[in-house]
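First residue of the sequence shown: 138, per my numbering; consecutive thereafter. Structure, as structure tokens:
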Amino acid sequence: MTGINITDGLTITEIQKLFTEHFPFLKLEFYETEHEAGEGNLNQNRFEPTKTIGEIRTKHNTGELSIHGNQKVSTLEQAFHDQFGLNVQVFRQSNEVWLQTTATDEWTLSEQNQTAEEHHH
């Protein structure tokens, strides 16, 4: 289990990098609006990775967001939202394509990463 220390000075890219170190076949994207359960986010709502966390969020709490493989995607997304006012979506790599994990929100991060790895050529 690991944690990402969320502070206003971090850029989206830096958080994405930390996340991908643990789950090489998954990625996080940050959005202006929250998505409904089971629905995806639109690309035009996506924040540029160069933005800092301070620029894009409503709740300016600093703290550690714990991330571990047994966590469901939906739990992680909820934690980002509730603790830090951030709207994130987890993507899974499938061959050359990145899929939003909306249909598989109930899977754990490890399951997502494992599945992506098995489909990786």
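Backbone N, C-alpha and C fix where the C-beta goes; we use that ideal spot for every residue, glycine too. Remember, predicted model here, so these are calculated numbers, not experimental data.
Here Phe162 is near Gln230, since their CB atoms are less than 8 Å apart. At least 8 Å separates the beta-carbon of Trp235 from that of Lys154. The beta-bridge partner set that DSSP reports for Ser231 consists of Val234. Nearest C-alpha to Thr239 among Ile149, Lys209, His256, Leu223: Lys209. If you draw a 10 Å sphere on the C-beta of Gln249, you find 16 or more other C-beta atoms in it, and that means buried. For the set Thr170, Asn182, Gly200, Gln237, the Cα lying nearest the Cα of Leu147 is the one of Gly200. Going by DSSP, Phe156 is part of no beta strand (DSSP E) but of the alpha helix (DSSP H) stretching over 149-159.
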